[in-house]
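A.B. asks: Structure in structure tokens, see below.
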Amino acid sequence: MVHNKEFDIIIIGAGAAGMMCAHIAASKHKKVLLLDHSSRLAEKIRISGGGRCNFTNVNTNPECYLSQNKHFATSALSRYTPFHFTEILDKYNIGYHEKTLGQLFCNEKSQAIIDLLDQLCQENNVTRLMETSIISLDKINGRFKLETNRGIFNSETLVVACGGLSIPQIGASGFGYQIAKQFGLKIIDTRPALVPLTLNQETLASFSPLSGISFDSITSIGKVSFRENSLFTHRGLSGPAILQISSYWQHGESIKINLLPDKAIKSEILDNRSSNKLLRNFLHDFFSERLTERICELLGINRQLSQLSNKDIDKITSFIHNFEILPNGSEGYKKAEVTKGGVDTKFLDSKSMMAKNIDGLYFIGEVVDVTGWLGGYNFQWAWSSAHAAATSI
Numbered sequence: 000m001v002h003n004k005e006f007d008i009i010i011i012g013a014g015a016a017g018m019m020c021a022h023i024a025a026s027k028h029k030k031v032l033l034l035d036h037s038s039r040l041a042e043k044i045r046i047s048g049g050g051r052c053n054f055t056n057v058n059t060n061p062e063c064y065l066s067q068n069k070h071f072a073t074s075a076l077s078r079y080t081p082f083h084f085t086e087i088l089d090k091y092n093i094g095y096h097e098k099t100l101g102q103l104f105c106n107e108k109s110q111a112i113i114d115l116l117d118q119l120c121q122e123n124n125v126t127r128l129m130e131t132s133i134i135s136l137d138k139i140n141g142r143f144k145l146e147t148n149r150g151i152f153n154s155e156t157l158v159v160a161c162g163g164l165s166i167p168q169i170g171a172s173g174f175g176y177q178i179a180k181q182f183g184l185k186i187i188d189t190r191p192a193l194v195p196l197t198l199n200q201e202t203l204a205s206f207s208p209l210s211g212i213s214f215d216s217i218t219s220i221g222k223v224s225f226r227e228n229s230l231f232t233h234r235g236l237s238g239p240a241i242l243q244i245s246s247y248w249q250h251g252e253s254i255k256i257n258l259l260p261d262k263a264i265k266s267e268i269l270d271n272r273s274s275n276k277l278l279r280n281f282l283h284d285f286f287s288e289r290l291t292e293r294i295c296e297l298l299g300i301n302r303q304l305s306q307l308s309n310k311d312i313d314k315i316t317s318f319i320h321n322f323e324i325l326p327n328g329s330e331g332y333k334k335a336e337v338t339k340g341g342v343d344t345k346f347l348d349s350k351s352m353m354a355k356n357i358d359g360l361y362f363i364g365e366v367v368d369v370t371g372w373l374g375g376y377n378f379q380w381a382w383s384s385a386h387a388a389a390t391s392i
């Protein structure tokens, strides 16, 4: 039971950004109330990184984020870096390690990060209410008034940290966007990002024998490309490279995949042009058996290398290094790691995250139109934007 209904700051959303903001603001002797409709803290942290939480990336820079304003994230990211967050982990003896491409993971389970944020909130006397539904929200006489199923609460400052639409099965909703609209802020159209892509039935039938096969690739749309694994699935394409490119993909666009990034297949064939080896056997040196079989079937070529024409070689080269495929959609918010779009950054101050038109109203984390790459970048945005807001209040 919360007897005190008056607070300096109310934060909606007890996820990564909300908890981070709460403990920093409370450490400045502010009375902070942290609300969430869920019964569990920071569900996205819990399921992140296969249960070990890829909590940041040492390569973080503004170029790794998508937004209508590509410069918006620069200030917050520069003032609270991955190394500021790892300092906290070091202080509290939480082990972590670096994997590929600068990704930092917990040595233990993701719960260690949740427990740390919870501990920091408790140490700084943050009041927390879970399973709290907001019935109405207004700003009256300079103070925010929230009517909830747990009572009415008032504050000078309101921080919206309730995330986006991705992974609705753990409670994601568009409530943060509703608040933004209520107070006159624009929303950049939202859509699933870092999400597997789907193929139409005809294309899917061609690749169904490859379901479950993963391969190194460079996946591209226009000038944007990512070098990571791709994966054929029973619905289409997934894997880190596909998730990355999905944030840039638009309906009607094809994606291009280099199936063999480290080799020039034309040179390899020409170096072996006198060989009597069948193309299938030759390609098996570079690809799995199932992928080799499918490549040859789709090419309609399986002659001996010595019998390949220049036209054959060009066709093989184009297929392997410039394989083009047209997705027909994505697997949606249910499988999306993040939401692209959100509160228009034109309406926010980049140094404080405060709405330019409403004093005391802040938006942080995924609810904002800032979307990071796969690999810990979105958690870093949560930490950095939360720090920007908390230190400016």
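At position 267 of the sequence shown (counting the first as 1) the number is 266 in numbering that gives the first Met the number 0, and the numbers step up by one without a gap. Virtual Cβ for every residue (Gly too), placed ideally from N, Cα, C. Keep in mind that this is a model prediction, so the values were computed, not measured.
1. By the three-class DSSP mapping on this structure, what secondary structure does residue 180 have?
2. Ends of the alpha helix (DSSP H) at residue 68?
3. Could you please give me the residues that DSSP links to residue 395 through a beta bridge?
4. Tell me, which residues are paired with residue 356 by DSSP?
5. From residue 348 to residue 75, what distance separates their C-alpha atoms?
6. Restricting to Cα atoms, I'd like to know which of 272, 317, 304 is closest to residue 255.
7. Kindly indicate which three-state DSSP category residue 144 falls into: helix, strand or coil?
8. Excluding the five sequence neighbours on either side, which residues of its own chain have a C-beta within less than 6 Å of the C-beta of residue 136, listed in chain order?
9. So residue 267 is in the alpha helix (DSSP H); what residue range does that whole segment cover?
10. Starting from residue 227, follow the alpha helix (DSSP H) in both directions and report where the run begins and ends.
11. Under the rule that 16 or more other beta-carbon atoms within 10 Å means buried, what is residue 240, buried or exposed?
12. Would you say residue 131 and residue 142 are within 7 Å of each other, going by their C-beta atoms?
13. Using the Cα positions of residue 252 and residue 325, report the straight-line distance between them to the nearest angstrom.
14. Just to confirm the assignment, what range does the beta strand (DSSP E) spanning residue 214 have?
15. Would you report the Cα separation of residue 382 and residue 77, rounded to the nearest angstrom?
16. Based on DSSP bridge pairs, tell me the residues matched to residue 361.
17. Going by DSSP, what residue range makes up the alpha helix (DSSP H) through residue 192?
C.D. replies: In this structure, then:
1. helix
2. No alpha helix (DSSP H) holds residue 68; DSSP gives it neither H nor E.
3. As displayed, the chain neither begins before 0 nor continues past 392, which places residue 395 out of reach and without an answer.
4. According to DSSP, residue 356 bridges with nothing at all.
5. Between residue 348 and residue 75, the C-alpha separation is close to 10 Å.
6. 317
7. strand
8. 145
9. 264-270
10. Counting along the chain, residue 227 falls outside any alpha helix (DSSP H), though it belongs to the beta strand (DSSP E) covering 223-231.
11. buried
12. no
13. 6 Å
14. 213-220
15. 12 Å
16. 158, 353
17. No alpha helix (DSSP H) holds residue 192; the beta strand (DSSP E) holding it covers 186-192.
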